[in-house]
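Here UniProt numbering is used: position 346 in the sequence shown is 346, and no number is missing along the way.
Ideal Cβ placement from N, Cα and C applies to all residues, glycine included.
Read through the structure below, which is laid out as structure tokens, and then see the notes.
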Amino acid sequence: MKVLVLGGDGFCGWPASLHLSARGDEVIIVDNFSRRRIDEELGVQSLTPIRTMVERRAAWQEVSGRAISVVELDVAHDYHGLLALLREECPDAIIHYAEQRAAPYSMKSGKHKRYTIDNNVNATHNVLCAIVESGHDIHLVHLGTMGVYGYGTAGMAIPEGYLGIQVPTDDGLVETEILYPTNPGSVYHMTKVLDQTMFAYYAKNDELRITDLHQGIIWGTNTIQTKLDERLINRFDYDGDYGTVLNRFLMQAAVGYPLTVHGTGGQTRAFIHIQDMVRCIEIALNNPPAAGDKVKIFNQMTETHRVRDLAALVAELTGAEVEMVPEPGDDYGSGIYVGLKVRHAKFGVGTIRKIEGKGDDQKAIVWFASCGPKKLLLRFAGLERA
1 MKVLVLGGDG
11 FCGWPASLHL
21 SARGDEVIIV
31 DNFSRRRIDE
41 ELGVQSLTPI
51 RTMVERRAAW
61 QEVSGRAISV
71 VELDVAHDYH
81 GLLALLREEC
91 PDAIIHYAEQ
101 RAAPYSMKSG
111 KHKRYTIDNN
121 VNATHNVLCA
131 IVESGHDIHL
141 VHLGTMGVYG
151 YGTAGMAIPE
161 GYLGIQVPTD
171 DGLVETEILY
181 PTNPGSVYHM
191 TKVLDQTMFA
201 YYAKNDELRI
211 TDLHQGIIWG
221 TNTIQTKLDE
231 RLINRFDYDG
241 DYGTVLNRFL
251 MQAAVGYPLT
261 VHGTGGQTRA
271 FIHIQDMVRC
281 IEIALNNPPA
291 AGDKVKIFNQ
301 MTETHRVRDL
311 AALVAELTGA
321 EVEMVPEPGD
331 DYGSGIYVGL
341 KVRHAKFGVG
351 TIRKIEGKGD
361 DQKAIVWFAS
371 CGPKKLLLRF
381 AGLERA
């Protein structure tokens, strides 16, 4: 299978590219390397040393004997370049990661809000238009987010994308199905809602074959492939914009700070390990919808945790203290969302990795602790002390 991985240099795109290449697919990475430029903008960097794409490709060919092609292209703003690429390569599938992925970053300022809308919405619509205009039958797999639903509870488990409803009419109740109502909590999440609407339109009107994976928070750093050589290592972000709550706790523990839990810590989040994420991509590729089918939507997660329980787990593993702090007012991510319940029965990912602090988790904690505070960039929420 020939697969274009849009955003293949990023946290999700890179391990997915290696996973697909390892199984024998012809992989072409398409990226404008904006994530690396955002590091420069924020004055931070991945804790794990990320090599250049030239070094990454060479290392992968050296350890696997397989080649990955790379095309530098701005999917959001070079439509004709994208269309020409689809016509030339005729891919069987496109994996779409080419979106700004951090909710806090999308809320930093008006500039960041506009950038996130401009990049994410344009990228998705350009891909859809280019598939139609190319005339090729290409399966599009998109990495969405559980955040399109919001993080509250309606007293029911959130279904996978669609909700059966009854509509009162003069002739009685009519049963139909709609997209599950959305409740985005950030501009980033709103772009994923807009993506979902565009997918429904193009699946219905142009019969595009589309799979939308609503993922939970991805934890873990490496996959089987990225562990083969240190030059292949994946990102570990810990700053206030791109670092996840689990990464923040690990870093706080590593430098001897208390694990800061806002409010009661009752906020519940869905999680999935990065190895399971790439496996889900493979399953989606192997089970495409038919032309004319509605969009296939899957909730891509394996477990849910309350923030305070996650902190307790890290504290148990590291000996760190847990500190309860007041809610951050109106900032994004305040703890008003509780009791998340999610259906995710459609994906059988095999061995599911749980957040237990075993194996690579324990090794990672030891590694972080060995770095020492002088080697770390302590520029994220919760680490600054007066």
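{"Item": "Alpha carbon of residue 409 to alpha carbon of ASP171, nearest angstrom", "Value": "Nothing in the structure corresponds to residue 409, since the chain is present only between 1 and 386."}
{"Item": "C-alpha distance - ASP195 paired with VAL295, whole-angstrom precision", "Value": "12 angstroms"}
{"Item": "For GLU175, the nearest candidate out of ASN183, PRO181, THR182, GLN166 (CA to CA)", "Value": "GLN166"}
{"Item": "Beta strand (DSSP E) segment containing TYR201, residue limits", "Value": "Where TYR201 is concerned, there is no enclosing beta strand (DSSP E), although the alpha helix (DSSP H) it sits in stretches over 187 to 205."}
{"Item": "Environment of residue 390 [buried if 16+ CB atoms lie within 10 Å]", "Value": "Since the first residue shown for the chain is 1 and the last is 386, residue 390 is missing from the structure and cannot be characterised."}
{"Item": "Cβ-based neighbour list, LEU163, same chain, cut-off 6 angstroms, excluding 5 preceding and 5 following", "Value": "ILE178, TYR180"}
{"Item": "Cβ of GLU321 within 8 angstroms of any chain B Cβ", "Value": "No chain B appears in the structure shown, which is made up of a single protein chain."}
{"Item": "Whole-number beta carbon distance between GLN225 and HIS19, since they are thought to touch under 8 angstroms", "Value": "6 angstroms"}
{"Item": "Coarse secondary structure for ARG114, derived from DSSP in three states", "Value": "helix"}
{"Item": "Rounded distance between the beta-carbons of LEU82 and ASN126, thought under 8 angstroms", "Value": "6 angstroms"}
{"Item": "Identity of the residue in ALA130, LEU232, ARG306 nearest GLY8 by Cα", "Value": "LEU232"}
{"Item": "Distance, THR244 Cα to THR318 Cα", "Value": "18 angstroms"}
{"Item": "Backbone CA spacing between TYR257 and ASP237 [nearest angstrom]", "Value": "18 angstroms"}
{"Item": "Closest Cα partner of ARG269 within the set PHE199, GLU303, GLY185", "Value": "GLU303"}
{"Item": "Status (buried if at least 16 other CB within 10 Å, exposed otherwise) for THR52", "Value": "exposed"}
{"Item": "Alpha-carbon spacing of ASP309 relative to GLN252, whole angstroms", "Value": "16 angstroms"}
{"Item": "DSSP state of TYR337 mapped onto helix, strand, coil", "Value": "Residue placement at TYR337 cannot be trusted, given a pLDDT of 42 that sits under 50; what the coordinates show is reported in the next sentence. Residue state, collapsed to three classes: coil."}
{"Item": "Span separating the alpha-carbon of VAL63 from that of MET1", "Value": "21 angstroms"}
{"Item": "Under the three-state DSSP convention, the category SER46 falls into", "Value": "coil"}
{"Item": "Where ASP9 falls: helix, strand or coil (DSSP)", "Value": "coil"}
{"Item": "Classification of ALA284 by the beta-carbon crowding that lies within 10 angstroms, buried from 16 upward", "Value": "buried"}
{"Item": "Spatial distance of PHE11 from GLY135 (CA atoms)", "Value": "31 angstroms"}
{"Item": "Close-in-space but distant-in-sequence residues of the same chain around ARG57 (CB under 6 angstroms, 5 per side omitted)", "Value": "ILE68"}
{"Item": "Secondary structure of LEU140, DSSP reduced to three states", "Value": "strand"}
{"Item": "Backbone secondary structure at MET251 - three-state DSSP", "Value": "helix"}
{"Item": "Any non-hydrogen atom of the ligand PLP within 7 angstroms of THR304 CB", "Value": "As for the ligand PLP, it is missing from this structure, which has no ligand bound."}
{"Item": "DSSP bridge partner residues for PRO168 (one or two, in chain order)", "Value": "LEU173"}
{"Item": "Own chain residues within Cβ distance below 6 angstroms of ARG385, not counting five before or after", "Value": "Residue placement at ARG385 cannot be trusted, given a pLDDT of 33 that sits under 50; the coordinates are not used to answer."}
{"Item": "Validate contact between the stretch 34 to 49 and the stretch 196 to 211 using beta carbons, cut 8 angstroms, 3 pairs", "Value": "no"}
{"Item": "N- and C-terminal bounds of the alpha helix (DSSP H) containing SER106", "Value": "103 to 106"}
{"Item": "Other residues of its chain near THR351: CB distance less than 6 angstroms, five sequence neighbours each side excluded", "Value": "For THR351, the predicted structure reports a pLDDT of 46, less than 50, and the residue's modelled location is therefore unreliable. A value from the coordinates is still provided. There are no such residues."}
{"Item": "Close beta carbons around GLY292, own chain, < 6 angstroms, minus the five adjacent residues each side", "Value": "GLU207"}
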